Amino acid sequence: MKLHNKFILLLVWLFPLVLHAATPQKQTYTYTKRDSQSLKLDVYSTYTGEMQPCLLFVFGGGFKEGTRDAEIYSDYFNHFANNGFTVVSIDYRLGMEGEKAPSMFNYKPMEKSIELAVEDLYIATQFLLENAFELNIDTTQIIISGSSAGAIAVLQADYEKRNSFESSKILSPKFQYAGVIAFSGSIFSREGAPTYTIAPAPTLLFHGNADKLVPYNNTRFFNIGMFGSNTLAKEFRKNEYPYLFYSMEDNGHEVAEYPMTDFLPEIEQFITDYIFNKKQLFIDINYRDKNRVVEISDSPKDYYNN
77 MKLHNKFILL LVWLFPLVLH AATPQKQTYT YTKRDSQSLK LDVYSTYTGE MQPCLLFVFG
137 GGFKEGTRDA EIYSDYFNHF ANNGFTVVSI DYRLGMEGEK APSMFNYKPM EKSIELAVED
197 LYIATQFLLE NAFELNIDTT QIIISGSSAG AIAVLQADYE KRNSFESSKI LSPKFQYAGV
257 IAFSGSIFSR EGAPTYTIAP APTLLFHGNA DKLVPYNNTR FFNIGMFGSN TLAKEFRKNE
317 YPYLFYSMED NGHEVAEYPM TDFLPEIEQF ITDYIFNKKQ LFIDINYRDK NRVVEISDSP
377 KDYYNN
């Protein structure tokens, strides 16, 4: 075989690998203006010529800091953009800037911050729905995902949408999120453990059982409180709402980040099983990695007073 023919065959063999590892194209849009702020979103895609499922991400930072394009999220964005998703990461208003640490006797600033983040997430979702054709988004397959404060926002958004809260009227009554992926999240509720009028979207939860910043179980005063992943998983199982819960033993708030690099195949499998194939599964995984260095989780007082 001639050398140039061998070279051509090599290129043919390598091309799919090169395409798969391509750097996604990034485009930035202003999706709204709120309180004198221009809120932007980034769209990452390796366009395939077909409408794609959308992974819509909300960053973490305690509602007081953080950015939509932080380097810690790049593996997560690139992995899913390279595997047939349109990945979108959004700004939102940071209501806890300058506020004291939240507690059950000082919960109003946190409640307001969650309201702002959820409202902005709904507005960003509406922007994607209105521009779905240009952005190659399958509007029936919009999955919301978030880290820490962002995980609270996405869990809260699906909870309020399924219960037709006034806040959710930004979106059509017919629209529902296809799935939720939350890294160290919780839901703020005034009714005790959250209940749903319409079954929630299939939900993937990661949470460290030593997390002091976002409650793993719940923090409440009578019916008002924050209800974490372990409480939510119990409620989902009781009501037969499909979910997958990774309870990370002896881990703290670092679980808000490292699954986005270390658990990419598992996250992708969840999407395939629960969202694309609509499997009705109820799975709790107690996960312990003896080799992982356990980080001491900040308390709200430590975090917000720094």
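In this text, residue positions in the sequence shown follow the numbering used here: the first is 77, and each later residue adds one. We put the beta carbon where it would ideally sit given N, CA and C, even for glycine. Model, not experiment: these values are computed from the prediction.
For the putative contact between residue i and residue j, defined by C-beta atoms under 8 Å, what is the C-beta separation to the nearest angstrom?
i, j, result
"T216", "A208", "Contact doesn't hold; Cβ gap of about 10 Å is too wide."
"A286", "N327", "6 Å"
"F259", "V331", "6 Å"
"L117", "A200", "6 Å"
"S150", "M172", "S150 to M172, Cβ: 25 Å. No contact."
"G284", "M324", "5 Å"
"I343", "I219", "Not really, about 10 Å apart at Cβ, beyond 8 Å."
"L204", "C130", "6 Å"
"I274", "Y235", "That belief does not hold up - the Cβ atoms of I274 and Y235 are roughly 10 Å apart, past 8 Å."
"V134", "I166", "6 Å"
"T337", "M180", "Rounded, the Cβ-Cβ distance is 34 Å, inconsistent with contact."
"S121", "N182", "Rounded, the Cβ-Cβ distance is 42 Å, inconsistent with contact."
"G268", "N299", "4 Å"
"K43", "A177", "Because the chain in this structure spans residues 77 to 382, residue 43 falls outside the shown range and cannot be described."
"L170", "E141", "7 Å"
"L197", "A229", "6 Å"
"S223", "E333", "6 Å"
Check the DSSP bridge columns for residue i and list the partner residues they point to.
i, result
"S223", "F259"
"F321", "L281 and D360"
"R296", "G301"
"N182", "S179"
"Y272", "The partner list for Y272 (beta bridge, DSSP) is empty, contrary to what the question assumes."
"F264", "M302"
"V163", "Y120 and L131"
"I218", "C130"
Over the uninterrupted beta strand (DSSP E) stretch that includes residue i, give me the two end residues.
i, result
"Q103", "Q101 to R110"
"S375", "Neither: S375 is in no beta strand (DSSP E) and is coded neither H nor E."
"F133", "Q128 to V134"
"L117", "Q113 to S121"
Could you tell me whether the Cβ atoms of residue i and residue j are closer together than 8 Å?
i, j, result
"L115", "S221", "no"
"A391", "G138", "There is simply no residue 391 to check, as the chain begins at 77 and stops at 382 in what is shown."
"Y380", "E175", "yes"
"L340", "D349", "no"
"S265", "E195", "no"
"L281", "S305", "yes"
"P278", "Y319", "yes"
"P100", "A146", "no"
"F161", "Q128", "yes"
"Y317", "P276", "yes"
"D374", "H329", "yes"
"I359", "A254", "no"
Can you give me the start and stop residues for the alpha helix (DSSP H) that residue i sits inside?
i, result
"I343", "L340 to F346"
"Y152", "S150 to A157"
"E210", "A208 to L211"
Hey, does residue i have any beta-carbon neighbour from chain C nearer than 8 Å?
i, result
"I274", "Included in the structure is just one protein chain, with no chain C present."
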